[in-house]
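**Student:**
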Amino acid sequence: AQEEEYKQKAIEHYLRFADTGEGDEAFFNRVIALDPQNPQIHYRLAELYRERGQYVQADREYQQAIDAKPDFVAAYIGQGDAAMAMQLYGRAIQCFKKAFGLQTGSRTVELRLAEAYLRDEQYDQARPLLEKLLQAQPDNDTVQTLMGDLLLAQGDAEGAIERYQAAFRKNPTSEVQLRLAHAYLVAEQLDEAKKEYQDLIHRFPYRGEAYDVLGDVYRKLGEDGQALEQYREALRRTYDVATKEAIAEKIVELAPDDIDTRFKLAGYYRQEYKYDSAIRQYQEILAQDPGNVDALIGLGDCYVPKTKYDTALDYYQQALAKLENPERKLVVLDKVVDCETQRAGPQGKLSQAGLEALWQRALIYHDQGKDDKAKADLERIYKTDPSFRADELVPLLKELGGEVQTPPATLETGPQQGSEAE
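170 is the number that this note's numbering gives to position 169 of the sequence shown; each next residue is one higher, with no gaps.
#1: Counting C-beta neighbours from all protein chains within 10 Å, is the total for residue 261 16 or more, i.e. buried, or is it exposed?
#2: When the Cα atoms are used, what is the spatial distance from residue 404 to residue 360?
#3: Taking the alpha helix (DSSP H) that residue 208 falls in, what are its first and last residues?
#4: Using 10 angstroms around the beta-carbon of residue 323, count the other beta-carbons present and answer buried if the total reaches 16, otherwise exposed.
#5: Is the region 195-207 close to the region 158-168, with three or more CB pairs under 8 angstroms?
#6: Starting from the Cα of residue 109, find the closest Cα among 34, 36, 271, 78 and give me that residue.
#7: Looking at residue 237 and residue 207, is the spacing between their C-beta atoms short of 8 angstroms?
#8: First and last residue of the alpha helix (DSSP H) that includes residue 402?
#9: Shortest alpha-carbon distance to residue 205 belongs to which of 219, 226, 117, 179?
#10: Quick check on residue 337: buried or exposed, where buried means 16 or more other Cβ atoms within 10 Å of its Cβ?
#11: How would you call residue 299, buried or exposed, if buried means at least 16 neighbouring beta carbons within 10 angstroms?
#12: Locate the alpha helix (DSSP H) running through residue 169, then write down its first and last residues.
#13: Whole alpha helix (DSSP H) runs in the region 112-166 with 4 or more residues, listed along the chain?
#14: Distance check for residue 105 and residue 88, CA to CA, integer angstroms please.
#15: In chain order, what residues of the same chain lie with their CB nearer than 8 angstroms to the CB of residue 154, ignoring the 5 residues before and after it?
#16: So, is residue 308 buried or exposed, given that buried needs 16 or more other C-beta atoms within 10 angstroms?
#17: May I have the straight-line CA-CA distance separating residue 9 from residue 209, to the nearest angstrom?
#18: Under a three-way DSSP split, which group does residue 38 fall into?
#19: Does the region 268-276 touch the region 241-254, meaning 3 or more C-beta pairs lie closer than 8 angstroms?
#20: Which whole-angstrom value is the C-beta distance of residue 74 and residue 100, which I expect to be below 8 angstroms?
#21: Is it buried or exposed, residue 30, if we count other Cβ atoms within 10 angstroms and call 16 or more buried?
#22: In whole angstroms, what separates the C-alpha of residue 290 from that of residue 380?
#23: Compare the C-alpha of residue 363 against each of 217, 327, 220 and name the closest.
#24: Quick check: residue 228 and residue 255, are their CB atoms within less than 8 angstroms of each other?
#25: Once DSSP output is grouped into helix, strand and coil, what is the label at residue 308?
#26: Threshold first: 4 residues or longer. Then list the alpha helix (DSSP H) segments lying entirely within the region 243-329, N to C.
#27: Quick one, are the C-beta atoms of residue 215 and residue 195 less than 8 angstroms apart?
#28: Can you grab the Cα-Cα spacing for the pair residue 159 / residue 53, in whole Å?
#29: Suppose contacts are defined by Cβ-Cβ distances below 8 angstroms. Is residue 83 in contact with residue 59 by that definition?
#30: For residue 170, count neighbouring Cβ atoms within 10 angstroms of its own Cβ and tell me buried if that reaches 16, exposed if not.
#31: Are there 16 or more other CB atoms within 10 angstroms of the CB of residue 273, so buried, or fewer, so exposed?
#32: Does the Cβ-Cβ distance between residue 375 and residue 366 come in under 8 angstroms?
#33: Taking its Cβ as the centre, do 16 or more other Cβ atoms sit within 10 Å of residue 251, making it buried, or is it exposed?
#34: Span of the alpha helix (DSSP H) holding residue 374?
#35: In whole angstroms, what is the alpha-carbon distance linking residue 70 and residue 40?
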């Protein structure tokens, strides 16, 4: 009994410490080891995971808290918030409905539930909740914004503008202003949209999407030069690859001869494994600039993951034929070796093209005084095929201190020959 009392006191102490916000994952797991069914500790750990963006782990701990305490409203809300972050709107709806059932009348939970319905495109479920919240809290900018989102989704851009304007008067954030400007654009009120985006850029110059959509406005107004300027600025201020891809597509559509952006666009496609789209960009670059080495290399880089090794090798070899700089040659030779290594697989032998790339790479390393690297490449060649360029390979390998077997023709004849295979 005394041991249990000490244990409870320790847990109470840990919980008080957790209230300071200083606990880490290891700390919470130590407490859970003491009291696996403690809902508060599972909840605190879940909150920690959610703040870190580890939503799957957060969901698991929220569920542990709920299993230990089925009426734990905060855990249902947290679990719903984690589901929203993962765009699992159906699950979020279930969590918020459970929380609302336990805490009837909570506007905080009702607002979350309304947003979950909205994001899940259950507009008939979202509307009555938002209307009820608006009646109770007409100055709530979050409710006004969500109602604007609902109206815009249902095709009422004019109604959405009114809601966003009300929200922006109460809380002039960049998020609300972006929505307002977009609603003007949807409503074909281009001058108003242009004005809002320009003001947004002035107030929040880091928001890349503002430059992007301002470009759309200029494009609708027939001012393609201004549109290009805004798109390029948006590209510089955007970090999400999918968004950068969409912006770059607009740029090359308006400026087909912008090779630099085509290279960027091909790179974005490759990051998203859209190799066929990247190939089209590199081919377009070659159509405008025949023999462009970087485009040839890019094509090779696209065909390797498509396992079209012959095609990849052909492009790499075309690039090598045009290169003189040793460092740039090394980059492409590395790619050839990697290509042929992938082709061979873990048990296969490197092709003649792969061996030749190793040889050329070893010569460059030797010229640069990087003899350890040169020796490693030469030994790999010799191990794979001792007859490859033997007249040149063997003397250089010996010079660099590599071991070379005595040719079979010089071995003594007789019974000892059988030991060669040992």
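Beta carbons are placed, not taken as given, at the ideal position from N, Cα and C, and that holds for glycine.
These numbers come from a predicted model, not from an experiment.
**Tutor:** On the basis of the coordinates in this document:
#1: Its Cβ having fewer than 16 others within 10 Å, residue 261 is exposed.
#2: If you take the alpha carbons of residue 404 and residue 360, they lie about 17 angstroms apart.
#3: Unbroken run through residue 208: none, as it is neither H nor E.
#4: Label assigned to residue 323: exposed.
#5: The region 195-207 vs the region 158-168: no contact.
#6: Closest by alpha carbon: 78.
#7: Against a cut-off of 8 angstroms, the Cβ pair of residue 237 and residue 207 comes out as no contact.
#8: Bounds of any alpha helix (DSSP H) do not take in residue 402, whose DSSP letter is neither H nor E.
#9: Residue nearest to residue 205 within the set 219, 226, 117, 179 is 179 (criterion: CA-CA distance).
#10: Looking at its Cβ environment, which holds 16 or more other Cβ atoms inside 10 Å, residue 337 is buried.
#11: Result: buried.
#12: Counting along the chain, the alpha helix (DSSP H) containing residue 169 begins and ends at 158-171.
#13: Secondary structure in the region 112-166: the alpha helix (DSSP H) runs of 4 residues or longer, each lying completely within the stretch, are 124-137, 142-154 in chain order.
#14: Cα atoms of residue 88 and residue 105: separation of roughly 25 angstroms, rounded to the nearest angstrom.
#15: Counting only residues of its own chain and dropping the five nearest sequence neighbours on each side, residue 154 has a CB closer than 8 angstroms to the CB of 119, 122, 124.
#16: Classification for residue 308: exposed.
#17: Rounded to the nearest whole angstrom, the C-alpha separation of residue 9 and residue 209 is 53 angstroms.
#18: DSSP, read as helix, strand or coil, puts residue 38 in coil.
#19: Touching, per the Cβ criterion.
#20: Their Cβ separation, rounded to whole angstroms, is 5 angstroms, which keeps residue 74 and residue 100 in contact under 8 angstroms.
#21: Exposed is the call here.
#22: In this model, residue 290 and residue 380 are separated by some 40 angstroms (Cα to Cα).
#23: Nearest Cα to residue 363 within the set 217, 327, 220: 327.
#24: Yes, these two residues count as a Cβ contact at 8 angstroms.
#25: DSSP places residue 308 in coil when its eight states are reduced to three.
#26: Scanning the region 243-329 for uninterrupted alpha helix (DSSP H) segments of 4 residues or longer gives 260-272, 276-289, 294-304, 310-323, listed from N- to C-terminal end.
#27: Going by C-beta atoms, residue 215 is nearer than 8 angstroms to residue 195.
#28: For the pair residue 159 and residue 53, the Cα-to-Cα distance works out to about 39 angstroms.
#29: Yes. Within cutoff.
#30: Flag for residue 170 reads exposed.
#31: Residue 273 is classed as exposed because its beta carbon has fewer than 16 other beta carbons within 10 Å across all chains shown.
#32: Yes, Cβ-Cβ distance for residue 375 and residue 366 is below 8 angstroms.
#33: By the 10 Å Cβ count, residue 251 comes out buried.
#34: Residue 374 -> alpha helix (DSSP H) spans 372-385.
#35: Answer to the nearest angstrom: the Cα atoms are 6 angstroms apart.
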